[in-house]
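If you read the sequence shown in the working numbering, its first letter stands for residue 1233, the second for the next number, and so on. Using N, Cα and C, we set each Cβ at its ideal position, and we do this for glycine too. A short worksheet on the structure shown next.
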Amino acid sequence: MNRLGEATSPYLQQHADNPVDWWPWCDEAFAQARRRDVPVLISVGYAACHWCHVMAHESFANETVGGLINDNFVAVKVDREERPDVDAVYMTATQAMTGHGGWPMTVFATPDGTPFFCGTYFPRPNFVRLLQSVTIAWRDQREAVLRQGAAVVETIGGAQAVGGPTAPLTADLLDAATATLHKEYDPTHGGFGGAPKFPPHLDLFFLLRHHQRTGDAQSLEIARHTCEAMARGGIYDQLAGGFARYAVDGTWTVPHFEKMLYDNALLLRVYTLLWRLTGDRLAARIARETVGFLAEALALPGGGFASALDADTEGVEGATYVWTPQQLSDALGEPDGRWAADLYGVTAAGTFEHGTSVLRLARDVDDTPPPQVDRVRSALRRVRAARPQPTRDDKVVAAWNGLAITALVEFATTASALAADPGSAENTHPRTAADAAVDSPADGELAAELAISAGAYLARTHLVEGRLRRVSRDGLAGAPAGVLDDYGCVAEAFCALHQLRGEARWLDLAGELLEVATDRFASGNGGFFDTADDAERLVARPADPTDNATPSGLSSMAAALTAYAALRGSPRHRAAAEAALATVAPIVARHARFTGYAAAVGEALLSGPYEIAVVTDDPVAEPLLRAARRHAPPGAVVVAGASDQPGVPLLADRPMAGGAPTAYVCRGFVCDRPVTSPADLVGQLG
């Protein structure tokens, strides 16, 4: 009997009609394996995963394979996005046994969950042979299987251990980390490494903050060049906005077409910061279009954001997105079709499969936009919308929504700052009509509305009896408990929302989450486990401090603690952030590509972070607030409102000087004199 029909996970529901007697992850499945004295087959994947779909079609939908599994195993299907704790434990085991990992992940375990054989995708003939071999080994070589499992558990227990060496995350270490990134940078195509090439959003964010603090021109140029290369490549959707998960090549040309919420949230932060620091028009356009993508493709009616768009359309990867020259001419007419083919690099030979091409931008359209661009894009979007569309994984993941909220708030505040009067003191970049096209205040208002709606959804749905739930769907919280990155990312998002409008409840909620996290997840040496002390017990308790596709739980907690400490004026929370970063500091310089967010938080702490309070009766139109948001140093917190506004600690006991709007700037709990002019404020932030 397949038991996935009632699952909240869209990924599990994709397997509800398989002839495999799937169980969701639960104690009952392992109890059944003990009763039958058979091993457990644990299959881990996610809804937007192309090769997960391939293995499902080849093997799990096959009656013969299903019968082989049912006769000899208890089969457990896991959504890695819903249960990142389970995924982390078995991914560590897979990497330890094979030297690599990925999804689908295929694990054979004893009835107590101990892994003894791990792999990823297997074509059906190989998978059938593997099932037969494992069955024989379990029957005839049980002792060897159990020894193998014990060795794997010992290995992954050591790999996930906490309590290693610690050291302060100093300026010298961050300088060394940037030097490492400079060496690994691809000066031709941008980014780091070769194929496949992933958007290095966390590293770019770190490099931009490092440039802010130190003035390092090379770090800025690496970030600028990589952002431009990605934005002009096929990894970016040239018609509707939004970034794909990665490029299969080293030139950003052909993407793996799935679009994840977390990538787009993190890249939105990067492009927004690049826009704020340089006035770059391409960065402004990409940030604005990414907000539009989140609003149109991932925002859910009741609040919050869906997790992903699938890589496949009706079983064919990329079918929605690719074009031939003839298809462009059919959609646009011959002259515009030829022009579009030249602009977007669509050739007869093609850059993808079967003579099709992924759209990429062959020349600049931002400094002097050609008049055809808007017309061509609109027409192609209409034609593409009539094609079959990829499915959407509409579960809400707490951590990823936290990342999106923080990014949207930063875009909203940047848009409000850069849409100021071009003659005002805080505007240092000359503005033209091309700028006006990408910094409309309406874009910032949309971002703010999306952020507030998502924050309200998380508070209403994911907070259950003071604890976070990892996922929800259709407004109903799922059973999986929140893990560390859920607490860190959502607490940081609530700190961002507090700064957006000065509402007390967001700061209060952030504080409550941080108290739970520091109480339930702490390791005792300043670091954190990824699961709570009262969470389901797995064969190992995961504690991975490295950043990857998303910030680690540890670095997201450090970010939230840093922001909260500045907003609340709390040395205790600052000390906790510093202690957390001290546990990862020993690897920052050597493994900079996997500690990007931790390093970015380190830049904030070294910078101050600055605490900026603007006392005014009209925050919306206040030039001091625009100046603060435009020139805020790395990790600075900015609030605005009336003196002694309830629930806003940074406005307490801070009157307007001489009845005029006044800015108060503090750094590390030490304050400068109050100022009333934007120029004086900018001087204090320099």
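- Here residue 1764 carries a coil assignment [DSSP, helix/strand/coil].
- For residue 1491, the three-state secondary structure derived from DSSP is strand.
- For residue 1515, no beta strand (DSSP E) encloses it; the enclosing alpha helix (DSSP H) starts and ends at 1513–1525.
- Less than 8 Å separates the beta-carbon of residue 1728 from that of residue 1638.
- In the displayed model, residue 1275 falls within a strand according to three-state DSSP.
- Note that the stretch 1454–1469 touches the stretch 1424–1438; at least 3 beta-carbon pairs, one per stretch, sit closer than 8 Å.
- The DSSP assignment places 1356–1372, 1374–1391 and 1403–1416 as complete runs of the alpha helix (DSSP H) inside the stretch 1343–1426, in order along the chain (cut-off: 4 residues).
- If you draw a straight line from the Cα of residue 1279 to the Cα of residue 1546, it is about 13 Å long.
- Judged by their CB atoms, residue 1539 and residue 1313 are nearer to each other than the 8 Å cut-off.
- Here residue 1548 is exposed. Its C-beta has fewer than 16 other C-beta atoms within 10 Å.
- The beta carbon of residue 1839 sits closer than 7 Å to the beta carbons of 1445, 1865, 1866 and 1867 from its chain, once the five residues preceding and following it are set aside; these are given in chain order.
- The beta carbon of residue 1605 sits closer than 6 Å to the beta carbons of 1597 from its chain, once the five residues preceding and following it are set aside; these are given in chain order.
- Distance from the CA of residue 1592 to the CA of residue 1472, rounded to the nearest whole angstrom, comes to 13 Å.
- Inside the stretch 1262–1310, DSSP marks whole beta strand (DSSP E) runs of 3 or more residues at positions 1272–1277, from first to last along the chain.
- For residue 1756, the closest of 1804, 1778, 1710 and 1812 by C-alpha to C-alpha distance is 1812.
- Here residue 1843 is bridged, per DSSP, to 1869 and 1898.
- Taking C-beta separations shorter than 7 Å and ignoring five residues to either side along the sequence, the partners of residue 1872 in its chain run 1734, 1846, 1848, 1851, 1854 and 1857, following chain order.
- Fewer than three beta-carbon pairs drawn from the stretch 1503–1512 and the stretch 1617–1634 are found closer than 8 Å, and the two stretches are therefore not classed as touching.
- Linking residue 1770 to residue 1910 through their CA atoms gives a straight-line distance of about 55 Å.
- In the three-state scheme derived from DSSP, where H, G and I count as helix and E and B as strand, residue 1544 is classed as strand.
- Between the alpha carbons of residue 1433 and residue 1301 lies a distance of about 40 Å.
- Counted as a single uninterrupted DSSP element, the alpha helix (DSSP H) harbouring residue 1789 occupies residues 1785–1800.
- Listed as beta-bridge partners of residue 1256 by DSSP are 1309.
- For residue 1484, same chain residues with a beta-carbon under 6 Å away, outside a window of 5 residues either side, are 1461, 1462, 1465 and 1467 in chain order.
- The alpha carbon of residue 1274 has as its nearest neighbour, out of 1282, 1267, 1292 and 1286, the alpha carbon of 1292.
- Separation of residue 1758 and residue 1898 (C-alpha to C-alpha, rounded to the nearest whole angstrom) is 26 Å.
- Contact between residue 1785 and residue 1435 does not hold, since the beta-carbon distance rounds to 18 Å and is not under 8 Å.
- Within the DSSP bridge table, the entry for residue 1625 names 1540 as partners.
- Counting along the chain, the unbroken beta strand (DSSP E) around residue 1704 starts and ends at 1703–1705.
- Residue 1875 has no beta-bridge partner at all, per DSSP.
- Between the alpha carbons of residue 1739 and residue 1870 lies a distance of about 13 Å.
- Annotated as proximal: residue 1557 and residue 1578, with beta-carbon spacing under 8 Å.
- When the Cα atoms are used, residue 1236 and residue 1704 turn out to be separated by approximately 16 Å.
- Counting C-beta pairs with one atom in each stretch, the stretch 1578–1590 and the stretch 1550–1567 have three or more that are closer than 8 Å, which means they touch.
- Across the structure, residue 1798 and residue 1720 are spaced so that their CA atoms are roughly 16 Å apart.
- Between the stretch 1302–1321 and the stretch 1258–1278 there are three or more inter-stretch CB-CB distances shorter than 8 Å, so the stretches are counted as touching.
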